[in-house]
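In what follows, a structure is listed as structure tokens, so that the remarks can point back to it.
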Amino acid sequence: MDTQNNLNILVAEKALELLKKTLESTRFEGVWKKKDALQITDSMKSDIMAIKFSYAEKENIGEITAPIKEKISKLQSALGEGWSSNFLSNAKKENKTSTKMGIAKIIFSMNTLYFLDRRIKQDNRFGVDTLVGKILSVSKVSDSLLICNVDIKRAITVLTNDMSIKEGEAVAVSILPPKEFYGQVSEGMFCGINGVLRIQGEVGNRAEIPLEAYKETVNMVQDFLKH
Numbered sequence: 001m002d003t004q005n006n007l008n009i010l011v012a013e014k015a016l017e018l019l020k021k022t023l024e025s026t027r028f029e030g031v032w033k034k035k036d037a038l039q040i041t042d043s044m045k046s047d048i049m050a051i052k053f054s055y056a057e058k059e060n061i062g063e064i065t066a067p068i069k070e071k072i073s074k075l076q077s078a079l080g081e082g083w084s085s086n087f088l089s090n091a092k093k094e095n096k097t098s099t100k101m102g103i104a105k106i107i108f109s110m111n112t113l114y115f116l117d118r119r120i121k122q123d124n125r126f127g128v129d130t131l132v133g134k135i136l137s138v139s140k141v142s143d144s145l146l147i148c149n150v151d152i153k154r155a156i157t158v159l160t161n162d163m164s165i166k167e168g169e170a171v172a173v174s175i176l177p178p179k180e181f182y183g184q185v186s187e188g189m190f191c192g193i194n195g196v197l198r199i200q201g202e203v204g205n206r207a208e209i210p211l212e213a214y215k216e217t218v219n220m221v222q223d224f225l226k227h
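Just so you know, UniProt numbering puts 92 at position 92 of the sequence shown, and the rest follows in order with no gaps.
As structure tokens, this is what we get:
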């Protein structure tokens, strides 16, 4: 397998850069082991390089990605139990949005790294997970923007300009680097063709959708890799 040019590995490599930058530059209030967290993150660079230049076969990828899974678990310990709630509850009012964004970047990066083996085994062509999500709630941010709480076996927030989205609907959501709109943090994007696709499937499972529905996902992933 051409691991050097595998999109999943390239996205994971970029996610590790995002993780380090976020841990270094975001001011998180609360008790956590920042030095340990950064050391663990730095140590994953060699693991990613080992994977990238391994030219391993798909069936062997679990073995060479195991060290990353172990280090993500150690990183969670360094961040502390209930770290995301801890950081958010301790954040000053003026830092709430930047703290939310930092938390979302850490979660995106850790999940991207932890589930790298799964995406490779699935022959994922897009570098990120696209999952079946159920709309838990919908609120209006502006006349052209909705904020949705979405269940993908964990709760995420997605902003969309498709004003037809309704609570209870099942959609395909690509898990992408977080973006901020109007002070709200979006952790993904709904897939669609001329509007958001409504689909069937078990929540949290890989979404089965037409290739053309991935167009914006592809654009967002390429943008992530460039910056």
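All residues carry an ideal CB built from backbone N, CA and C; glycine is no exception.
Status (buried if at least 16 other CB within 10 Å, exposed otherwise) for residue i
i	result
I165	buried
D47	buried
N205	exposed
K14	buried
A12	buried
Nearest-angstrom Cβ-Cβ length linking residue i and residue j, presumed shorter than 8 Å
i	j	result
Q108	P178	Reading the sequence as shown, one finds Phe at residue 108 and not Gln. So it is a contact: roughly 6 Å between Cβ atoms.
L136	E167	7 Å
V150	V158	5 Å
L116	T65	5 Å
M101	E208	Between E208 and M101 the Cβ distance is about 31 Å, and since that is not below 8 Å, they are no contact.
L75	A50	Contact doesn't hold; Cβ gap of about 18 Å is too wide.
Range of the contiguous alpha helix (DSSP H) that encloses residue i
i	result
N111	K96 to Y114
G62	I61 to L79
K35	K34 to K52
Q222	K215 to K226
N149	Taken as a continuous stretch (DSSP letters only), N149 belongs to no alpha helix (DSSP H), being part of the beta strand (DSSP E) at L145 to D151.
7 Å CB neighbourhood of residue i in its chain, flanking five on each side removed
i	result
residue 233	Any property of residue 233 remains undetermined from this structure, which presents the chain solely from 1 to 227.
L79	W32 and A37
L197	V171, A172, C191, I209 and A213
Short CB-CB distance (under 8 Å) between residue i and chain E
i	result
G201	Within the model displayed, chain E is absent; a lone protein chain is all it includes.
Cβ shell of residue i (< 8 Å), same chain only, five flanking positions each side left out
i	result
L23	K34, A37, L38, T41 and I106
6 Å CB neighbourhood of residue i in its chain, flanking five on each side removed
i	result
E212	I193
message = Is it the case that the stretch 117-127 contacts the stretch 191-201, given that we only count it when at least three CB pairs across the two stretches are under 8 Å?
response = At 8 Å Cβ cutoff, the stretches do not touch.
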